[in-house]
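Be aware that the sequence shown starts at 1, since it is given in full-length UniProt numbering, and climbs by one per residue.
Built from N, CA and C at the ideal position, the CB exists for glycine as well.
Computed from a predicted model, the values in this text were never measured in an experiment.
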Amino acid sequence: MRGFKFQIQSLLGSGFFTGYFPFAPATVTSFFALVPAYWLARLPLLSILVIIAVFFLGVWVAGDLEQVWGKDPSRVTIDEVEGTFITFLGNPVSILGLAAGFILWRGFDILKLPFIDKVQRLKGGWGVMMDDVLAGICANLVLRLLLFILPPLRG
């Protein structure tokens, strides 16, 4: 039986157990992260603080869980929470904009541009988290452009 620390890390690292979903756990976690991301987008200072906290928590949790579950395990989805939050940072959106941001975020995360893929090779929790940070930044920038071009996406 694993200890309390492992149970807490499993809870947080799996995005409150959404990482255990039998198919597309990263997408499922990202979907559930949309609700807090939507509200955080309207509170930029709080959003930045939450993003920083989730990042360092994720590095710690993912690093420890990799030792148990192997390299970048699919159950670890705290990085998807991070990427979702970054996508909407400073981008208050409508429901339509939320859908656009979600599609952009998942696209950048799944496609893994070459420079993002290289970062994933970092050791431990750093690699798990950093590729999603970069994918989230890419999604954020494209979403900003879309919000400028398509006013109905703005919140």
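Residue range G124 to I149 is occupied by the alpha helix (DSSP H) that includes N140. The shortest CA-to-CA distance from L147 to any of L111, N91, R106 and F108 is the one to N91. Residue pairing by DSSP places V93 opposite R154 in a beta bridge. Here G125 has G58, V59, W60, V61, A62, G63, D64 and E66 as same chain residues with Cβ atoms under 8 angstroms from its own Cβ, once five neighbours each way along the sequence are excluded. Annotation: the continuous alpha helix (DSSP H) that includes V81 extends over I78 to F88. Between F108 and A33, the CB-CB gap reaches or exceeds 8 angstroms. A contact between stretches requires three or more CB pairs, one per stretch, nearer than 8 angstroms, and the stretch 137–151 fails this requirement with the stretch 33–52. Here the stretch 47–56 makes no contact with the stretch 21–35; the two share fewer than three CB pairs at distances below 8 angstroms. If you draw a 10 Å sphere on the C-beta of V76, you find 16 or more other C-beta atoms in it, and that means buried. Assigned with DSSP and collapsed to three states, S30 falls in helix. If you compare the alpha carbons of G101, G155, G19 and L122 with that of I137, the shortest gap goes to G101.
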